[in-house]
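Read the structure below first, then the notes.
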Amino acid sequence: MNSQTALKSGATAATVSEQEMANAIRALAMDAVQKANSGHPGMPMGMADVATVLFGRFIKFDPSAPHWPDRDRFVLSAGHGSMLLYSLLYLTGYPDMTIEQLQNFRQLGSRTAGHPEYSHAPGIETTTGPLGQGLANSVGMALAEHMLAARFGRELVDHYTYVIAGDGCLMEGISHEAIDLAGHLKLDRLIVFWDNNSISIDGPTSLATSVDQPARFGAAGWDVQEVDGHDMEAVAAAIEHARGSDRPSLIACRTIIGKGAPNLQGSEKTHGAALGEAEVAATRENIGWPWPPFVVPDEILAAWRATAKRGADARREWEARLAASPRREAFETAIAGNLPASVFEALDALRKEHIEKATKVATRKASEMALGAINGATDLMVGGSADLTGSNLTLTKGMTNVVAGDYSGDYVHYGIREHGMAAAMNGIALHGGFVPYGGTFLCFTDYARGAMRLSALMGKRVIYVMTHDSIGLGEDGPTHQPIEHLSMLRATPHLNVLRPADIIETAECWELALKTTDRPSVLVLSRQNLPMLREAYTPENLSARGAYILRDTQGPRAVTLIATGSEVEIAVAAAEKLRTDHGVEAAVVSMPCWELFEAQDATYRKSVLGNVPRVAVEAAARHGWDHWIGENGAFVGMTGFGASAPAPDLYRHFNITPEAVAGAALELID
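In our numbering, the protein residues as written are 105 to 774.
Next comes the structure, spelled out in structure tokens:
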């Protein structure tokens with residue numbers, strides 16, 4: 105029997121039942137996992153009924169224009185159930201999601217990775233897999249929708265964010281940060297379906313949790329409903345109610361994991377493994393699905409493809425409204441994330457001004473000054489901080505708070521939720537319309553790390569403003585003094601780590617972060633004041649090449665001193681000491697961004713580093729520096745954790761001084 109075989113005598117797409125449509129998801133999911141002998145069939149089979157109602161009756165989407173800005177967003181936070189999403193994309197007619205892609209589930213080069221990967225195929229709105237991340241991304245998406253609507257009106261921005269989350273998403277700590285923030289901001293366009301099947305990999309969820317999840321969401325200010333996830337009319341009624349609520353909504357769907365598998369449904373055995381050939385055959389008989397693997401009858405496929413017509417009609421109507429709107433150009437510019445030239449002109453003017461003034465400030469303060477210039481030239485930036493606004497200096501003149509009921513502002517108080525902030529910023533960037541940046545202390549990248557990694561994995565322009573970057577923060581002591589964090593961040597692929605040495609480099613690094621649209625950036629900024637080290641204005645952004653010669657030698661170079669951030673000042677003083685006291689010529693290299701320097705050609709790198717001994721100085725761990733200084737190079741920095749004391753005392757105590765750098769250089773030369 106093949107796909108041309110009639111479903112039943114006289115059957116048409118119009119007579120296909122929703123149950124038959126849901127069974128198509130179940131069949132494709134179990135077939136793909138069985139063929140790969142790897143995957144998670146239970147969740148797609150359990151949530152097939154909910155997904156059928158959601159996509160068949162409600163979601164506004166158009167496979168022929170998958171990036172249409174006013175589409176509803178669908179986030180599969182329970183990313184292990186990826187075959188639910190892939191099945192939906194195939195059934196509804198996304199051109200890139202062919203039956204061959206489903207047949208190559210989890211295979212090299214396919215669009216159907218084990219967990220949904222952003223940019224692998226249209227319709228995948230975010231990378232999910234680390235549980236809870238999708239839920240937290242959705243908060244940023246829903247927030248961006250409200251903020252964009254506040255600027256352009258509901259005639260151009262009028263969509264929902266729908267999420268399917270599992271027990272694991274709600275157990276992860278990030279879920280608390282996400283649901284608390286969403287409830288506080290009353291993000292009523294956010295609707296979450298909880299796949300309440302009481303099963304995790306180890307077995308029943310009762311092994312590890314007793315939380316009353318509906319009560320938890322209710323306490324956070326959500327509208328909460330509980331339904332039978334296999335009662336399609338009950339699910340539809342719950343969605344209708346949620347769409348009319350003035351709060352974010354949780355629809356707790358009581359489901360049976362692996363629904364349809366007669367011997368395994370309801371068991372953890374369907375969670376993370378193929379059903380097995382015998383159970384697949386038994387499931388086919390049980391759900392009345394006699395067709396071979398990966399075959400969907402034309403009538404059922406046509407019924408699924410018809411669901412996209414609603415979105416296609418809505419998209420054409422929206423395009424007509426956009427064409428007639430006097431704000432069309434501004435809207436399209438915002439969605440594209442195109443910053444005006446005036447932003448970079450303002451940063452250049454800032455550099456010129458402060459070269460003349462020789463301004464001495466902490467780079468966190470320099471960042472605030474740069475942000476003032478940026479935010480004064482564009483309304484596309486959305487700032488925020490994890491309850492450290494006065495320390496991160498991320499709020500600039502003229503910015504207003506985003507609050508529940510008034511989303512016209514441009515500054516978000518994320519609260520003490522570093523992980524949730526980073527994930528929400530991912531959601532804002534994924535949604536489009538804004539360039540998000542947010543601040544905390546560098547040591548708290550430990551908390552934000554999961555979402556920061558996904559920023560890099562997805563290649564989104566998210567800007568992390570990380571202040572208090574070293575032992576130079578002083579009295580707060582070892583718990584707050586980052587040591588290994590620069591190494592961790594620099595080890596992350598597709599992430600630019602920018603540690604400027606003065607106000608000029610800070611402005612240059614902000615320019616680089618804004619112009620780098622294919623990856624996130626981390627600005628690593630000092631608490632303590634730093635002198636301006638750049639001696640003259642240059643129209644060229646010297647930081648753009650990652651490293652450059654800040655102070656050249658007067659004669660043949662004997663040694664190269666390499667530093668970043670606050671330690672560049674120390675390297676300059678060491679070079680002067682070497683020349684004055686010992687007649688040794690040392691070039692000083694400022695290296696604000698390892699990643700950008702690595703990307704330069706070998707000739708440029710050699711011209712900067714030279715072919716003489718090298719000393720690196722950084723108030724952090726040595727890890728990674730040997731790549732730049734060579735096996736015979738010297739490193740002046742930290743070998744353990746910090747201490748609580750004023751910054752100058754700490755630098756002397758840990759021997760990160762001009763004298764120590766000069767001494768290391770002399771040992772190398774001798």
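By construction, the Cβ of each residue, glycine as well, lies at the ideal position given by its N, Cα and C atoms.
For Phe-739, no alpha helix (DSSP H) run applies; the uninterrupted beta strand (DSSP E) run containing it begins and ends at 738-741, by DSSP. Assignment of beta-bridge partners to Arg-655 by DSSP yields Val-692. Annotated as distal: Trp-698 and Val-626, with beta-carbon spacing of 8 Å or more. Its chain contains Asn-600, Leu-602, Ser-625, Asn-645, Ser-647, Ala-648, Cys-697 and Leu-700 as the residues whose beta carbon lies nearer than 8 Å to that of Leu-616, once the 5 sequence neighbours on both sides are disregarded; these appear in chain order.
Here the alpha carbons of Thr-668 and Ala-703 stand approximately 18 Å from one another. Between Val-740 and Val-719 the beta-carbon gap is near 7 Å, inside 8 Å, which marks them as a contact.
Residue environment for Asn-496: buried (at least 16 other C-beta atoms within 10 angstroms of its C-beta). In the DSSP assignment, Ser-304 forms a beta bridge with Gly-307.
Tyr-515 and Gly-734 have their C-alpha atoms some 44 Å from each other. Counting the other Cβ atoms within 10 Å of the Cβ of Asp-573 gives 16 or more, which makes it buried. Under the rule that a run must span 4 or more residues, the alpha helix (DSSP H) segments found entirely inside the stretch 138-204 read 146-157 and 186-196. The distance from the Cβ of Met-525 to that of Ala-490 is about 5 Å, consistent with a contact at the 8 Å cut-off. Shown here, Val-566 sits in coil according to DSSP, grouped into three states, outside any helix or strand.
The Cβ atoms of His-523 and Glu-281 sit closer than 8 Å to each other. By the CB criterion at 8 Å, Tyr-194 and Leu-206 fall inside the cutoff. Within a 10 Å sphere around the beta-carbon of Pro-148 sit 16 or more other beta-carbons, which makes this residue buried. Taking every protein chain shown into account, the CB of Gly-687 has fewer than 16 other CB atoms within 10 angstroms, so this residue is exposed. Note that the C-beta distance between Arg-565 and Val-539 is below 8 Å. Under DSSP, Asp-135 shares a beta bridge with no residue.
Met-525: member of the alpha helix (DSSP H) spanning 522-535, first to last residue. With contact defined as three or more Cβ pairs closer than 8 Å, the stretch 578-590 and the stretch 440-448 are not in contact. Distance from the CA of Asp-271 to the CA of Phe-256, rounded to the nearest whole angstrom, comes to 37 Å.
It is roughly 24 Å from the alpha-carbon of Glu-460 to the alpha-carbon of Thr-657. The residues Gly-576, Gly-578 and Gln-632, in chain order, have a CB closer than 6 Å to that of Ala-751 in the same chain once the five nearest residues on each side in sequence are set aside. Among the bridge pairs identified by DSSP, Trp-298 is matched with Ala-269 and Ala-356. Take Ser-302, set aside five residues on each side of it, and the residues of its chain with a beta-carbon closer than 8 Å to its own are Asp-271, Pro-308, Thr-309 and Ser-310, in chain order. Looking from the CA of Leu-132, the closest CA among Phe-209, Arg-425, Asn-715 and His-171 belongs to Phe-209.
The C-alpha of Met-187 is placed about 8 Å away from the C-alpha of His-144.
Here Leu-546 is not near Val-672, since their CB atoms are 8 Å or more apart.
The residues Ile-295, Asp-327, Gln-329, Ser-353 and Ile-355, in chain order, have a CB closer than 8 Å to that of Ala-346 in the same chain once the five nearest residues on each side in sequence are set aside. In the DSSP annotation of this structure, Met-503 is not part of any beta strand (DSSP E), being labelled neither H nor E. The beta carbon of Pro-234 is closer than 6 Å to those of Gly-554 in its chain, skipping five residues each way along the sequence. Taking C-beta atoms as the reference points, Pro-226 and His-171 count as a pair closer than 8 Å.
The residue from Arg-623, Ala-611, Leu-618 and Thr-230 with its alpha-carbon nearest to that of Pro-597 is Arg-623.
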